[in-house]
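Peer 1: One line per chain: the protein sequences are A and B, in this order. Letter by letter, the first sequence follows residues 1 to 477 in the numbering used here. Letter by letter, the second sequence follows residues 1001 to 1477 in the numbering used here. All C-beta atoms in this analysis are idealised placements derived from N, C-alpha and C, irrespective of residue type, glycine included.
Protein chains: 2
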Amino acid sequence: MINTNTFTPVTSEIIAQLESIVGAANVSTARADLDLHAKDQGHHPARPGEVVVWPTEAQHVADILKMANEQRIPVTPWGVGTSLEGNPVPIFGGILLSFERMTDIIKVHADDFQVTVQPGIPYKDMNEQLKRYGLFFAPDPGANATIGGMLANNASGIRTVKYGACKDNVLRMQVALADGRLIHVGSRSIKQSAGYDLLHLFVGSEGTLGVITEATLRLMPIPALMSAVLAHFETVEAAVETVVAVRGSGLDPAALEFIDANHTIMLTEANNLDLLPKPTLFMEFHAAHEGALEMGLEMVREICEEFGAIKIRTTTDPAERKQLWYARHHSYETVIRKHPNHKFFLNDVAVPISAYPELISFIEQRRIEENITAYMLGHAGDGNIHVEFPYTDEAGLEKAKAINGEIVLKAIELGGTSTGEHGIGMGKIEYLLQEHGQAVDVMRALKQTLDPNGILNPGKVLSMAEHGLHELSMTTT
Amino acid sequence: MINTNTFTPVTSEIIAQLESIVGAANVSTARADLDLHAKDQGHHPARPGEVVVWPTEAQHVADILKMANEQRIPVTPWGVGTSLEGNPVPIFGGILLSFERMTDIIKVHADDFQVTVQPGIPYKDMNEQLKRYGLFFAPDPGANATIGGMLANNASGIRTVKYGACKDNVLRMQVALADGRLIHVGSRSIKQSAGYDLLHLFVGSEGTLGVITEATLRLMPIPALMSAVLAHFETVEAAVETVVAVRGSGLDPAALEFIDANHTIMLTEANNLDLLPKPTLFMEFHAAHEGALEMGLEMVREICEEFGAIKIRTTTDPAERKQLWYARHHSYETVIRKHPNHKFFLNDVAVPISAYPELISFIEQRRIEENITAYMLGHAGDGNIHVEFPYTDEAGLEKAKAINGEIVLKAIELGGTSTGEHGIGMGKIEYLLQEHGQAVDVMRALKQTLDPNGILNPGKVLSMAEHGLHELSMTTT
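1. Just the Cα atoms here: how many angstroms apart are Val-1351(B) and Ala-178(A)?
2. Here's the rule: buried if 16 or more other CB atoms are within 10 angstroms of the residue's CB, otherwise exposed. What is Gly-1459(B)?
3. What does Ser-156(A) touch in chain B if you count any residue whose Cβ is under 7 Å from its own?
4. Could you work out which residue in Leu-1433(B), Arg-1321(B), Thr-1316(B) is closest to Ala-1288(B) when comparing CA atoms only?
5. From Ser-1193(B), Ile-1312(B), Leu-1276(B), pick the residue whose C-alpha is nearest to that of Asn-154(A); which is it?
6. Drop a sphere of 10 angstroms on the beta-carbon of Thr-4(A), count the other beta-carbons inside from all chains shown, and report buried for 16 or more, exposed for fewer.
7. Where Gln-1129(B) and Ile-1121(B) are concerned, what is the direct C-alpha to C-alpha distance, given to the nearest angstrom?
8. Need the endpoints of the beta strand (DSSP E) that Leu-1225(B) sits in, please.
9. On the DSSP bridge list, what partners appear for Ser-28(A)?
10. Taking all protein chains shown into account, do 16 or more other C-beta atoms lie within 10 angstroms of the C-beta of Arg-159(A), making it buried, or fewer, making it exposed?
11. Between Phe-137(A) and Asn-127(A), how many whole angstroms is the CB-CB distance? I'm expecting something under 8 Å.
12. Let me know the secondary structure DSSP gives Ala-1254(B) once reduced to three states.
13. Out of curiosity, what's the CA-to-CA distance linking Lys-1167(B) and Arg-47(A)?
14. Taking Cβ to Cβ, would you say Ala-1292(B) is nearer than 9 Å to Ala-254(A)?
15. Counting contacts by CB-CB distance shorter than 9 Å, is Asp-1040(B) in contact with chain A?
16. Which chain A residues are close to Arg-1181(B), counting only those with a beta carbon under 7 Å from its beta carbon?
17. By the 10 Å Cβ neighbour count, where 16 or more other Cβ atoms means buried, how is Asn-341(A) classified, buried or exposed?
18. By the criterion of Cβ-Cβ separation under 7 Å, what are the contact partners of Ala-1288(B) in chain A?
19. In or out: Gly-1423(B) buried (at least 16 other Cβ within 10 Å) or exposed?
20. Using beta-carbon positions only, say whether Val-22(A) and Ile-64(A) come within less than 9 Å of one another.
21. In chain A, which residues lie less than 8 Å from Lys-1338(B) when you measure between Cβ atoms?
22. Find the residues of chain B that neighbour Glu-435(A), judging by a C-beta separation of less than 7 Å, and give them in chain order.
23. Which partner residues does Tyr-1375(B) have in the DSSP bridge list?
24. Output the boundary residues of the beta strand (DSSP E) element that contains Leu-971(B).
25. How is the alpha helix (DSSP H) around Ser-1331(B) delimited, first residue to last?
26. What residues from chain B crowd round Thr-160(A), counting only those whose CB sits closer than 9 Å?
27. For Tyr-1356(B), collect the residues of the same chain with a Cβ closer than 7 Å to its Cβ; drop the 5 residues on either side in sequence, then sort them by chain order.
28. Looking only at its own chain, which residues have a Cβ that is under 6 Å from the Cβ of Met-283(A), when we skip the five neighbours before and after it?
29. Kindly indicate which three-state DSSP category Met-1(A) falls into: helix, strand or coil?
30. Work out the CA separation of Pro-1452(B) and Gln-1438(B) for me, nearest whole Å.
31. Checking contacts by CB at 9 Å: is Pro-390(A) closer than that to chain B?
32. So which residues of chain A does Thr-1373(B) contact, with C-beta pairs closer than 8 Å?
33. Going by beta-carbon coordinates alone, are Thr-1029(B) and Gln-1071(B) separated by less than 9 Å?
34. Note the first and the last residue of the continuous alpha helix (DSSP H) segment covering Pro-357(A).
35. Nearest chain A C-beta to Glu-1146(B) closer than 9 Å, yes or no?
36. With burial defined as no fewer than 16 other Cβ atoms inside 10 Å of the residue's Cβ, what is the status of Ser-20(A): buried or exposed?
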C-alpha cells in the first residue's frame, strides 16, 4: 500500500528544479496556464494543478518523474483535454505535464505502414501530414485528441468497427516510468512473442502506470473508394436488429452508427436536413474497386429492407457521402447548441453485439419511465452507445448519474463494460469492481509495483480510498 | 526476489492432496505418463515432471496452484506439446499440469462471432466443430495445438498476415493465479477501456504469470471464396522484394509464404511435384465474391511479373488450390523426412516488412559463408522467417545456435524480434535483454508481483539465475 497519505506541495525549490530540467520557458505557475489545464470536455469540475510543465523531449519527462517520485509530487499527463471522464484533470494538484510542445512526427516508415511520433501530436494534424503517403491512422474519436491521450485512454471512435481501437493500432512505445526509467515496449515487427506484452499494459492505463513519450503506430492505406448508407426505421428495435444482421452478414462496414429519433428531430430542425424523425443508421463501406462497393451496397439495402427500413439512401459519390454523414458528424455539437444553458452527462457502455438490442431497449424504457430528456448516439457496430443527458443543476446531474448507474449494471450483466472508449478516469471508478471482480486486486498490485508512491495521475482508474487519499486534496481546493 | 532457492519435492503426501482435488484417476506418477509429458517438438532435451495431473475444471487448477504455491512446488502447464522452445517442459520437475481433460466447447456465441472454450481443446478440432456455424478461429500454427497453449504462447502461423496473432483473436479469459485466485480478464464486448489490459498481459506469458482456464475467442466467417498463387523467382531478393510490394499494394493476402530453393528442390524430389528449383512464394486470398477474387489475382500477377517472376500459377479452384499449397503445407515434414538421422534447430525471427529483404540476404550470406545446410521457410507477409538447421551432434547444434545468435541480433538491429510466434520458452532467454533492454526489469517485477514464489513454469521466459535457481534442479535429474 502507498506509504504516505499526503503529497508534497509544489514549492519554489521544486519549480527551480523543474526549470533546470525543461528550461524556464517551459514552466508556468500563471493562473491562466493553470486554468487552461484544469478541466477536460466532460462534466467533472475544474481542478488546476500547481504548476504546468511542458517537456520537449522524452528525457525531460523521465527526469520530471524521477524528481516528482523522490519528492512525492503528483504528476498528471495532459494531451489537449478532449477527454470526457476527467482523465487528465490534476485532482490532487501537483505537476500538470502538458505534451503540447512534443508534437513532432519522428519518422514515417512508409513501406511498413507505420509512423513514429511524439505523444503530443493531435491525430487529425498527423493524418493531414500522412496524406501524401496515402496512409492514415484509423482510430477516430472525433475531437482532435493527441496520440498520447488516445493511447493512454485506448480511444477508438467511428471507424473502430473495421479498424479496431487504439490498442489494435499501436506497435511500440517509449514509456517513462514513475522512477525515471525510460523503457521501450512492443516492437515494430508486427509479430512478437518475446516476453510479456507490456505495450498493452500501458495502453489504456490513463497515465497511471507510466507516461507515453513516443509511439509507433500502425497505419492503413487511405481507402480508394467509400460509400455511405443512411437508413431510417420505424422503431429502435428494427434499427438495432439491422445492426446485428449487418455485422453477421460478412460485410465489413467501416462505420455503423445509430442515432435515435430525438436526435434526428433536433438535427433536422437545427441544420435544415432532410431526415425522417425516426431511429436512423449511418454506414460507411471502404473498398479497393467499384464492383465491390456496389455489391456491398446492394447487400446492405437488402438487409435494411428485410428489417423494415422505411427509407434508405445510398451513395458512392464523395460529396453526397459527406452530405449524408453531415448529420452524424454534427450530432453531438447540435445537441449541445440546442441546450445552451445545459451541461451534459455522457455515458459510454458497450456490450457484445447480440446484446445490443436488449441494452438499447432497456435505455429507451428507463428514459420513458423516468420522463427524462436523453439522446442516444452510438457506435452501434461495436455494441457501444452514448446516452447524452442534458442537465442544469446538481439534482439533474445526480439523476443522470443514477440512471447511468442502472445502464452500466445492465451492460455488465449483458457481458459488457462500463466504458467502451472514454476510459475510467474519475467518473467510473465505482463500477470497476462490478465489471472486473477480483481482477481489480491484480490491477492494484500492478499499480503498486510500477508506481509505489502513487504519483502518476492519482485518483484515476483505481480508487485512492485504500491509500488514505480519498477526498483529501479534493476538499482543500 | 524469490525467497527460496530450492523447490519442494513431490511427496506421497502431496500426491494425496492432488488426488483429493482432482480424483485419483486424474493423477499419475507412472513412468509412461511422465515421459509422455517431458518433451515438446523442439530440440530441447526431455525432462519429466514428478507427477502428471489432469484437472477437469477451472477450480481444480486454482486449488492445485494454491497448494503448490503454499508448498513451493513448480507447476508447468501442458497443452499437447507441439511447442518448439521447451515452453511446457517441466525443467524443475514438480507438477505437470495437463489440460488434456479440459477440452469442451463451453458456449458458441454465434451472433457475436465468439466461442468460449476450455483451454485443452486443440484448435483444429474446435474449428471442425465450428464449421456448422460458418465460423473459424483464424490463427493457424500448423500442428494441432491447444487453444490454451496457443494463447499462452501468442501463437500465430500462416494466416496471421490477414487475421492477426492469438493476441488479436481473444477477448476474455479466466485465469488461475499462483495463489489460487480465479479471475476474469478482458471482456466479450469488443470495445473495453475499463482499467488495465490484463488480458494481453497473460496472453503470451507462457504460463509464467498465471494459468489460462477458459477463453472466449473471436471468430471469423469462413471465407466464401479463396484463391491461390504460386510464384517462382530467379533470386531470393526478387522473391522477397515481391513480398514487400504485395504488402504495400493494398491487397490483403490471407497468406504470404516464402520457401527457398533448397526447399523446393527437396519438395520436388520427395513429393514428385512440379516445382522449379527456385525461391518460391505461396499466396492465398479470401473474398466474398468472384469478381474481387479475380481482380486481386490480376493485381498479384502484375506485381510478380514486375519483380521478374519466372513462373506464376494462380487458381480459384479449391482442388487445384490445395494441390498448389501441398508443397508449402508439407515442407517442414518433408525436410525432416529427408534427414532421417537428424534433429532440427528452428529459428523464428521477425522484422518490419521493409527490413525483410536485408534479413533474408544476411541469412543467405551467412549460410553460404559457413557452408552449412539450412532451409528457409517463412511467413514472409509478417516479416517472419524460420531457418531450419539439421544437425546430428552437439557440435552441429552449437553451430546452429551460434548462427541463430547472429541472425537474432541482426533481426533486433533491424527493429525486429528474436521470436515472432514460438515464444521465449527456455531457448531464447539470453536474447530478451538485447531485445527489450530495461523493460526486462519491469517484466521481472511483474513476475515477482504475480508469482512471488516462482512456482509458475519456472525457467521459462525470464532467467532464473538471479533467483539462485540456475541449473540447480537441471543438474540433479
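Peer 2: Judging by the given coordinates:
1. Computed Cα separation, rounded: 30 Å.
2. buried
3. Lys-1191
4. Thr-1316(B)
5. Ser-1193(B)
6. Any reading at Thr-4(A) must be qualified, since the residue scores a pLDDT of 45, below 50, and its modelled position is unreliable; the value itself is stated next. That one is exposed.
7. C-alpha of Gln-1129(B) to C-alpha of Ile-1121(B): approximately 11 Å in a straight line.
8. 1225 to 1232
9. Val-52(A)
10. buried
11. 6 Å
12. Of the three classes helix, strand and coil, the one that applies to Ala-1254(B) here is coil, per DSSP.
13. Using only the alpha carbons, I get a separation of about 39 Å.
14. no
15. no
16. Against chain A, a Cβ distance below 7 Å from Arg-1181(B) picks out Gln-438.
17. Asn-341(A) should be labelled exposed.
18. Gly-250
19. buried
20. yes
21. None at all; the shortest Cβ gap to chain A is about 28 Å.
22. Ala-1194
23. Under DSSP, the beta-bridge partners assigned to Tyr-1375(B) are Glu-1388(B).
24. Summary: the structure shown does not reach residue 971(B), with chain B confined to residues 1001 through 1477, and so no result is reported for it.
25. For Ser-1331(B), the enclosing alpha helix (DSSP H) covers residues 1331 to 1338.
26. Ile-1190, Lys-1191
27. Val-1240, Val-1243, Val-1244, Ala-1380, Gly-1383
28. Within its own chain, the residues whose Cβ lies closer than 6 Å to the Cβ of Met-283(A), once the five positions on either side in sequence are excluded, are Val-229, Pro-253, Leu-256, listed in chain order.
29. Confidence is the limiting factor: at Met-1(A) the pLDDT is only 40, short of 50, which leaves the residue's position unreliable and the question unanswerable from this model.
30. Going from the Cα of Gln-1438(B) to the Cα of Pro-1452(B) covers about 20 Å.
31. no
32. In chain order: nothing, as chain A lies at least about 26 Å away.
33. no
34. 356 to 370
35. Before going further, note that residue 1146(B) is Thr rather than Glu in the sequence given. Chain A has no Cβ within less than 9 Å of the Cβ of Thr-1146(B).
36. exposed
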